[in-house]
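Report on the following structure.
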Amino acid sequence: MKPVSLVATAFGAVSPIGGNVEQTCTSIRAGLNAFRENPFVVALDADPEWGDQDPIVGSVVPGIAPLLHGNDRLLQLAVPAVLELVERANLGRRDVDQTALLVALPEKDAVTGGWSLESLPQRIAERIGLVFPVMESDTGRCAAMRLATRAAELIAGGKAARCLLLGVDSFMELDRLRHLDETWRISSPRTKDGFIPGEAAVAVLLEPAGGKRPAAISLTAIGIGSEPNRFGGDKVSSGAGLQSAIKGAFSDPAQGPEWVLCDLNGESYRGFEWGLIQTRLGPTLAHFREVTHPADCTGDVGAATAPLLWAVAARAMQRGYAPGRRILVWTADDGPGRAAANLGLV
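Per full-length UniProt numbering, residue 1 is the first one in the sequence shown, and the count goes up by one each step.
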């Protein structure tokens, strides 16, 4: 377990179902989606010569040019989310001078490995015209969780007064979309065990409790785990990594979560892993009333998932419709990384 003792005080977001964080969270609560056929990419067919030419179904952010590639696409997604947060938190330049920028980026694969991901934090800062004293990044669905622990370290060490944590990802970038379809990841007539691709950027301001900004939700502890049987291997998940992460976030079974939010996306590997966890951590998970997985509304949004889940939880707590006050958020990389967070009221 890594105690973090931080609060989220502001959010910003752009997604296929919302131009800001309120629209996005409201759409998720209503169960809305914006799944559309992609006119630029045809899904591979089991019989390429005689099979149907079915377009891939996915979820794009309105206003993002469909042919925008790689790092440029991530930049266009990221900037509106960051600017919304800056406005909502009323961050001035003096505030930014004491704010670290931490960016959760797409997991590296055959396509994203060529996107120069490490340059994106600097590009974001230059585009919005702000200078951050610290800029760091990580990759994968668990990146935001790991960066939240880093935020606690930076604040405790006096290197930053607060941290702007951004998660941004796109599975709708055309080269990546083709690669994922070729490797049997995208849901299609050929691939039954796949996910619906999406894209999003979600920003959250993390600060110590007791500051001038009212807290939306508290981030108490984060557990990190490592799964030996990674996605795409010969073996199904052992559940060991996610089990370790959740036990780290909720060390007292009597105070287990009442609401679970996660990155389940329709792939059987993830569903099997979650099933294992429910049998192994019965006492800890005995009290949860609901499981929420926004991928059924936004599509899979990769590295933006954890901040999105935090935003959904915060909105529900603020508006009074959360099914419980003790909240578990968990995410899983395609690689070995697993992470879980303990959220609740301040």
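Backbone N, C-alpha and C define an ideal beta-carbon position, used for all residues, glycine too.
For this session: Compute the beta-carbon to beta-carbon distance between L206 and F40, rounded to the nearest angstrom, for a pair I have assumed lies under 8 Å.
Result: Going by Cβ atoms, the distance from L206 to F40 rounds to 37 Å, so no, they are not a contact pair.
Problem set entry | Short Cβ contact (9 Å threshold) for P307 with L6 | No, Cβ-Cβ distance for P307 and L6 is not below 9 Å.
For this session: Counting only the same chain and skipping the five closest in sequence on each side, list residues whose C-beta sits under 7 Å from that of A144.
Result: A104, L165, G167, A303, A306 and P307
For this session: Would you mind stating whether E258 and F288 have Cβ atoms separated by less than 9 Å?
Result: yes
Exercise. If you follow the beta strand (DSSP E) that V42 is part of, which residue opens it and which one closes it?
Worked result: R36 to V42
For this session: Could you tell me if residue 372 is buried or exposed, where buried requires 16 or more neighbouring beta carbons within 10 angstroms of its beta carbon?
Result: Outside the displayed span of the chain (1 to 346) sits residue 372, for which this structure offers no information.
For this session: Take I277 as the anchor and find which of I217, W330 and P197 has the nearest alpha-carbon.
Result: For I277, the closest of I217, W330 and P197 by C-alpha to C-alpha distance is W330.
Exercise. By Cβ distance, which residues of its chain are closer than 8 Å to G18, with the 5 residues on each side in sequence left out?
Worked result: T24, C25, T26 and S27
Exercise. What is the DSSP secondary structure of L165, counted as helix, strand or coil?
Worked result: L165: strand per DSSP, three-state reduction.
Problem set entry | Residue range of the beta strand (DSSP E) that includes R338 | G337 to G344
Problem set entry | Enclosing alpha helix (DSSP H) for P257 [first to last residue] | No alpha helix (DSSP H) contains P257, which DSSP labels as neither H nor E.
For this session: Could you check if R325 is buried or exposed, using at least 16 other CB atoms within 10 Å of its CB as the buried criterion?
Result: exposed
For this session: Entirely within the region 229 to 296 and at least 3 residues each: give me those beta strand (DSSP E) ranges in chain order.
Result: 259 to 262 and 290 to 292
Exercise. What are the complete alpha helix (DSSP H) segments, minimum 4 residues, inside the region 153 to 220?
Worked result: 174 to 182
Exercise. When the Cα atoms are used, what is the spatial distance from E290 to F250?
Worked result: 17 Å
Exercise. Given a threshold of 16 other Cβ atoms within 10 Å of its Cβ, counted over all protein chains shown, does V131 qualify as buried or as exposed?
Worked result: exposed
Exercise. Alpha carbon to alpha carbon, what distance is there between P283 and Q128?
Worked result: In the sequence under discussion, the amino acid at residue 128 is Ile, which differs from the Gln named in the question. Rounded to the nearest angstrom, the two C-alpha atoms are 47 Å apart.
For this session: Since I believe G198 is in contact with S187 (beta carbons under 8 Å), could you give me their beta-carbon distance rounded to a whole number of angstroms?
Result: With a contact defined as Cβ atoms closer than 8 Å, S187 and G198 miss out at about 12 Å.
Exercise. Do V134 and A200 come within 9 Å of each other at the CB atom, strictly closer than that value?
Worked result: no
For this session: Pick out whichever of Q318, I217, G266 and A240 has its Cα sitting closest to the Cα of L328.
Result: I217
Problem set entry | Three-state secondary structure assigned by DSSP to A303 | helix
Problem set entry | C-alpha gap between C163 and L281, whole angstroms | 33 Å
Exercise. Does the distance from the CB of K159 to the CB of A203 come in under 9 Å?
Worked result: no
For this session: Could you tell me the boundaries of the alpha helix (DSSP H) in which A81 lies?
Result: G70 to A89
For this session: Identify which residue in V21, V4, P3 and P16 has its Cα closest to the Cα of A10.
Result: V21
Problem set entry | Reduced DSSP category for P121 - H, G, I as helix; E, B as strand; rest coil | helix
Exercise. Using a Cβ-Cβ cut-off of 8 Å (strictly less than) and excluding sequence neighbours within five positions of L345, which residues of its own chain qualify?
Worked result: I217, S218, M317 and R325
For this session: Closer than 6 Å by C-beta to A221: which residues in its own chain qualify, once you throw out the five before and the five after it? Chain order, please.
Result: M1, P3, A249 and N342
Problem set entry | 8 Å CB neighbourhood of I42 in its chain, flanking five on each side removed | Ile is not the amino acid found at residue 42; the sequence shown has Val there. Closer than 8 Å at Cβ, skipping near neighbours: Q53, D54, P55 and I56.
Problem set entry | S116, buried or exposed, once every other Cβ within 10 Å from all chains shown has been counted against 16 | S116 comes out exposed.
Exercise. Who are the Cβ neighbours of K108 in its own chain at under 6 Å, not counting the five residues just before and after it?
Worked result: T139, listed in sequence order.
For this session: Given a cut-off of 9 Å, decide if L83 and S64 are closer than it, judged by their beta-carbon atoms.
Result: A quick correction: the sequence has Ile, not Ser, at residue 64. Going by C-beta atoms, I64 is not nearer than 9 Å to L83.
Problem set entry | DSSP three-state assignment for G18, whether helix, strand or coil | DSSP places G18 in the strand class (E or B) of the three-state scheme.
For this session: Using the DSSP secondary-structure output, state which residues sit across from E107 in a beta bridge.
Result: Answer by DSSP bridge pairing: none, since E107 is not bridged.
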